[in-house]
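Before any comments, here is the structure.
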Amino acid sequence: MFSKIKPYMGSYIRYTYAALAAMLTALIASAVPFFMVYRIIRPLIEGEKLSAGYFAIHIAIIFVCELVYSNLYVLGLKFSHISAYNTLKNLRISLQKKLERQPLGTIHDMGNGKIKKLFTDDIEQVELLLAHAIPEGIANLSMALIAIVCMFFADWRLALLSLCSLPLGLFAMGMMFKAGMAKMNDYYTAAAKMNATIIEYVNGMEVVKVFGRDGESYKRYENDIKSYRDFTLAWYKICWPWMALYSALIPCVALVMLPVGTLMIINGTATLADLVLVFCLTLSIGIPLLKALNFAGKFPQLNYKVDEIEKAMDNAPLKTNDHTFSGTSHAVRFNDVRFAYKEQEVLHGVDLELGEGTLTALVGESGSGKSTLAKLLVHYYDINGGTITLGGQDITDMSIEALNDQISYVSQEQFLFDTTLYDNILIGKPDATREEVLEAAEKAQCSEFLARLPKGIDTMAGDGGKQLSGGERQRISLARAILKNAPVIVLDEATAFIDPENEEKMNAAIGEIIKGKTVLVIAHRLQTIVNADKICVMKDGNIIAADTHEKLLQSCDEYKKLWHSSEERANWTIDNADTMSGNEVRV
Ligand SMILES: Nc1ncnc2c1ncn2[C@@H]1O[C@H](COP(=O)(O)OP(=O)(O)OP(=O)(O)O)[C@@H](O)[C@H]1O
Ligand SMILES: [Mg+2]
740 MFSKIKPYMG
750 SYIRYTYAAL
760 AAMLTALIAS
770 AVPFFMVYRI
780 IRPLIEGEKL
790 SAGYFAIHIA
800 IIFVCELVYS
810 NLYVLGLKFS
820 HISAYNTLKN
830 LRISLQKKLE
840 RQPLGTIHDM
850 GNGKIKKLFT
860 DDIEQVELLL
870 AHAIPEGIAN
880 LSMALIAIVC
890 MFFADWRLAL
900 LSLCSLPLGL
910 FAMGMMFKAG
920 MAKMNDYYTA
930 AAKMNATIIE
940 YVNGMEVVKV
950 FGRDGESYKR
960 YENDIKSYRD
970 FTLAWYKICW
980 PWMALYSALI
990 PCVALVMLPV
1000 GTLMIINGTA
1010 TLADLVLVFC
1020 LTLSIGIPLL
1030 KALNFAGKFP
1040 QLNYKVDEIE
1050 KAMDNAPLKT
1060 NDHTFSGTSH
1070 AVRFNDVRFA
1080 YKEQEVLHGV
1090 DLELGEGTLT
1100 ALVGESGSGK
1110 STLAKLLVHY
1120 YDINGGTITL
1130 GGQDITDMSI
1140 EALNDQISYV
1150 SQEQFLFDTT
1160 LYDNILIGKP
1170 DATREEVLEA
1180 AEKAQCSEFL
1190 ARLPKGIDTM
1200 AGDGGKQLSG
1210 GERQRISLAR
1220 AILKNAPVIV
1230 LDEATAFIDP
1240 ENEEKMNAAI
1250 GEIIKGKTVL
1260 VIAHRLQTIV
1270 NADKICVMKD
1280 GNIIAADTHE
1290 KLLQSCDEYK
1300 KLWHSSEERA
1310 NWTIDNADTM
1320 SGNEVRV
């Protein structure tokens, strides 16, 4: 158990040892007063007269010991928490690094709820192990053992009598673990499910509000919280009687020893002084023993937690290594690429070449696999067959960071962090100056809406960028990519939410930034890509044609179909704009 967490503790393990030493010393100090009381009682029993000095010394020792106990125990807790929270930090950083290297599919499959639980609740539970269970548990157990040994030295028969109730208490505790463990898995499954459902429910609140509470999502929410309640109550129902029994039995170390010991004194087989000494020692056994055993009870839970955390870290990571980019150019080549999200294959052997410094457009009906292809180029997932190379170097043969440095990617679903818009753009190039960030924002046509915001570019983006419209989010993402200025640019519907007027400006800006770069543009509005060096038509996970606009119009029926529907949409936009404003709008 301890060995599993040890690698994450690093040099902070010495704080745990220090905590252990401080707590054990504190507990020994807490037992000394009982011995002092015995030293006062024994002469009185034997009819000796005690001097005031003798009393004073013993009372002073008691006082000092209590002081030592409280200070050292608190110091021990301080050390154990330093160790615990630094270990939690290491655990979270390690988890995040491993998670970053997992394919997106693995992360999506886990779900937000499970990931949140893993990063917060499960890891937080480890605190209990490091800050309390290990140092306090071991110190209390050692204290109880020391007192038991002393008891045997005083009178082994009375010592044995004191331990009489212990087997019963341990039996009750064992029964509780046995019963609890059997339900543990169900309990954690129910907790994890409830977590995931709550997060999904909150994320889908917009739909719930519109479609009411009759939806599937609310029903699932209700069911999952009820089943969590049922599992928890069932678990406690089984555990509580055993818990009550051992909590009552274990601290009662003097229960048998006192009456039988008294009988032994009457029979003359034991002395009152020995009985008093053993009784005083029992006072420092019961509570520490109960505490130690209670902490021991946490081990199965913690075992489960560390296992869960490690299992989440053990998923196969993306195929990558720590090589730098050593490609000979920035040409991209998809070679017979096959890919399935799960069982369903969505790309069936795609061959595609993005020539260095050229603009390639990818068009095709919804669901044909365009975004998937873009995501594979930025290595969100590992492919199931074929190769993807950048400048001749396989993208799996370089680090994620090396690949990221070469590619600016504006995805179809933009996500902004809940920080300022400035910081969101800065992600593209963390060492950029303020001027560079403002320039990128301007090029991405952000100036106009930034001027309307209360704090301009220093306005907070809101959770996931929710305080901005889709088009505004898109422009901030584009500014991020402009700032990054990577040699390869991938734009997935980068202007989809933008009105025709701004789109024209934006296309001009995009035209500016992609000069001389290797560019892949995915577009539904075909008018924006007519001048591309090459247009690839995707259908059902295959590239069925690749040529220039004019040639495709003559040779490819699918392209013709896409072009005509795109023209119809554009005309519809013009007609509407004309009717609404009377202005002439060109797309
Ligand atoms: N995360 C995912 N898990 C499982 N299947 C997915 C996932 N994302 C996409 N798909 C499926 O893969 C196929 C291709 O999706 P993709 O997003 O690449 O299409 P697209 O051409 O970009 O469509 P659109 O033009 O609507 O953006 C679709 O059938 C889609 O249902
Ligand atoms: Mg798409």
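In our numbering, the protein residues as written are 740 to 1326. Ideal Cβ placement from N, Cα and C applies to all residues, glycine included. This one's a predicted model, so the numbers in the text were calculated from it and none came from an experiment.
Return yes when the C-beta of residue 1231 is under 7 Å from any heavy atom of ligand 2, and no when it is not.
The residue you call residue 1231 lines up with position 492 of the sequence shown. Correct: residue 1231 has its Cβ closer than 7 Å to ligand 2.
DSSP-derived helix/strand/coil call for residue 1282
Counted from its first residue, the sequence shown places residue 1282 at position 543. Three-state result, residue 1282: strand.
Could you check the C-alpha separation between residue 1015 and residue 781 for me, to the nearest Å?
By 1-based counting over the sequence shown, the position of residue 1015 is 276. By 1-based counting over the sequence shown, the position of residue 781 is 42. Answer to the nearest angstrom: the Cα atoms are 8 Å apart.
Counting along the chain, where does the beta strand (DSSP E) carrying residue 1103 start and finish?
Sequence index remark: in the sequence shown, residue 1103 carries index 364 (1-based). Where residue 1103 is concerned, the enclosing beta strand (DSSP E) stretches over 1098 to 1103.
Are the beta-carbon atoms of residue 1141 and residue 1062 separated by less than 8 Å?
Position 402 of the sequence shown, counted from the first residue, corresponds to residue 1141. Position 323 of the sequence shown, counted from the first residue, corresponds to residue 1062. In contact: residue 1141 and residue 1062 (Cβ atoms closer than 8 Å).
So the candidates are 898, 1102 and 886; which of them puts its Cα closest to the Cα of residue 1283?
Residue 1283 sits at position 544 when you count from the first residue of the sequence shown. Answer by Cα proximity: 1102.
From the DSSP secondary-structure annotation, give me the bridge partner or partners of residue 1077.
If you number the sequence shown from 1, residue 1077 lands on position 338. Answer is 1087 and 1124.
Alpha carbon to alpha carbon, how far is residue 958 from residue 933?
Taking the first residue of the sequence shown as 1, we reach residue 958 at position 219. Taking the first residue of the sequence shown as 1, we reach residue 933 at position 194. Cα to Cα, residue 958 sits roughly 12 Å from residue 933.
Tell me whether residue 1324 sits in a helix, a strand or coil according to DSSP, three-state version.
Here residue 1324 corresponds to residue number 585 of the sequence shown, with the count starting at 1. Legend: pLDDT at residue 1324 = 27, less than 50; position of this residue unreliable, no value from coordinates given.
Residue ranges of each beta strand (DSSP E) within the segment 1165 to 1238, 3 or longer
1227 to 1231
Tell me the rounded alpha-carbon separation between residue 986 and residue 748.
Taking the sequence shown and counting its residues from 1, one reaches residue 986 at position 247. Taking the sequence shown and counting its residues from 1, one reaches residue 748 at position 9. Rounded to the nearest angstrom, the two C-alpha atoms are 33 Å apart.
So, for residue 1122: in the same chain, excluding its five sequence neighbours on each side, which residues have a beta-carbon less than 7 Å away from its beta-carbon?
One-based indexing of the sequence shown puts residue 1122 at position 383. Excluding residues within five positions, the ones whose Cβ falls inside 7 Å are 1076, 1077, 1078 and 1115.
Give the secondary structure of residue 941 by DSSP, where H, G and I count as helix, E and B as strand, and everything else as coil.
Residue mapping note: residue 941 aligns to position 202 of the sequence shown, counting from 1. Reduced to three states, the DSSP call for residue 941 is helix.
Classify residue 1318 as helix, strand or coil using the three-state DSSP reduction.
To locate residue 1318, count along the sequence shown from 1; it is residue 579. For residue 1318, the predicted model reports a pLDDT of 41, less than 50, meaning its position is unreliable and no value from the coordinates is stated.
Sequence-distant residues of the same chain with beta carbon closer than 6 Å to residue 1214, five excluded per side
Here residue 1214 refers to the residue found at position 475 when the sequence shown is read from its first residue. Taken in chain order, the residues that qualify are 1183, 1184 and 1185.
Check: residue 1151 C-beta below 7 Å from any heavy atom of ligand 2:
Working through the sequence shown from its first residue, we reach residue 1151 at position 412. The answer is yes for residue 1151.
Given that a residue counts as buried once 16 or more other Cβ atoms are within 10 Å of its Cβ, and exposed if not, what is residue 745?
Counting from one through the sequence shown, the residue named residue 745 turns up at place 6. Label assigned to residue 745: exposed.
Segment limits, alpha helix (DSSP H) that includes residue 764:
The residue you call residue 764 lines up with position 25 of the sequence shown. Where residue 764 is concerned, the enclosing alpha helix (DSSP H) stretches over 752 to 784.
Among 1227, 1155 and 1179, the one whose alpha carbon lies nearest that of residue 1200
In the sequence shown, residue 1200 corresponds to position 461, counting from 1. Looking at the Cα atoms, 1155 is the closest of the given residues.
I'd like to check one pair, residue 1129 with residue 1071: are the Cβ atoms closer than 8 Å?
Along the sequence shown, one-based indexing puts residue 1071 at 332. Along the sequence shown, one-based indexing puts residue 1129 at 390. Going by C-beta atoms, residue 1071 is nearer than 8 Å to residue 1129.
For residue 1307, the nearest candidate out of 787, 1258, 991 and 1264 (CA to CA):
As a first step, residue 1307 must be located in the sequence shown, where it is residue number 568. For residue 1307, the nearest C-alpha among the options comes from 1264.
Entirely enclosed alpha helix (DSSP H) segments - the segment 849 to 904, minimum 4 residues
862 to 866, 873 to 893 and 895 to 901
Using a Cβ-Cβ cutoff of less than 6 Å, which residues in the same chain neighbour residue 1137 once the five nearest sequence positions on both sides are dropped?
As a position in the sequence shown, residue 1137 is number 398, starting the count at 1. Cβ neighbours of residue 1137 beyond the five flanking positions: 1062 and 1064.
My assumption, with CB atoms under 8 Å, is that residue 1089 sits in contact with residue 1224. Please give the rounded CB distance.
Counting from 1 along the sequence shown, the entry for residue 1089 is found at position 350. Counting from 1 along the sequence shown, the entry for residue 1224 is found at position 485. Not a contact, Cβ separation roughly 28 Å.
How about residue 823 and residue 870: do their beta carbons lie closer than 8 Å?
Position 84 of the sequence shown holds residue 823. Position 131 of the sequence shown holds residue 870. In this structure, residue 870 lies closer than 8 Å to residue 823 by Cβ.
DSSP-derived helix/strand/coil call for residue 1148
What you label residue 1148 is simply residue 409 of the sequence shown in a count that begins at 1. Strand, per DSSP.
Rounded C-alpha distance that separates residue 836 from residue 855:
Against the sequence shown, residue 836 aligns to sequence position 97. Against the sequence shown, residue 855 aligns to sequence position 116. Between residue 836 and residue 855, the C-alpha separation is close to 15 Å.
Got a sec: does ligand 2 put a non-hydrogen atom nearer than 7 Å to the Cβ of residue 1109?
Start at 1 with the first residue of the sequence shown, and residue 1109 comes out as number 370. Residue 1109 Cβ: within cutoff of ligand 2.
Would the C-beta of residue 1118 count as close to ligand 1, meaning under 7 Å from any of its heavy atoms?
Here residue 1118 corresponds to residue number 379 of the sequence shown, with the count starting at 1. For ligand 1, not one heavy atom lies less than 7 Å from the Cβ of residue 1118.
Return helix, strand or coil for residue 1253, following the three-state DSSP convention.
Counting from 1 along the sequence shown, the entry for residue 1253 is found at position 514. Looking at residue 1253 - three-state DSSP - the assignment turns out to be coil, as it is neither helix nor strand.
7 Å CB neighbourhood of residue 1262 in its chain, flanking five on each side removed
Taking the sequence shown and counting its residues from 1, one reaches residue 1262 at position 523. Correct list, in chain order: 1100, 1102, 1232 and 1268.
Closest by C-alpha distance to residue 786, when choosing among 1012, 898 and 1290
Position 47 of the sequence shown, counting from 1, holds the residue named residue 786. Nearest C-alpha to residue 786: 1012.
Pull up the distance between the alpha-carbon of residue 865 and that of residue 1045, whole angstroms please.
Taking the sequence shown and counting its residues from 1, the one referred to as residue 865 is at position 126. Taking the sequence shown and counting its residues from 1, the one referred to as residue 1045 is at position 306. When rounded, the distance between both Cα atoms is 8 Å.
Let me confirm a value: residue 1109 is counted as buried when at least 16 other C-beta atoms fall within 10 Å, else exposed. Which label applies?
Reading the sequence shown from its first residue, position 370 is the one you call residue 1109. The residue in question, residue 1109, is buried, as its Cβ has 16 or more Cβ neighbours within 10 Å.
Applying the criterion that 16 or more other CB atoms from any shown protein chain within 10 Å of the CB defines a buried residue, is residue 1118 buried or exposed?
Taking the sequence shown and counting its residues from 1, one reaches residue 1118 at position 379. Residue 1118 is buried by the Cβ-count criterion.
What residue range is occupied by the uninterrupted alpha helix (DSSP H) comprising residue 1037?
By 1-based counting over the sequence shown, the position of residue 1037 is 298. No alpha helix (DSSP H) contains residue 1037, which DSSP labels as neither H nor E.
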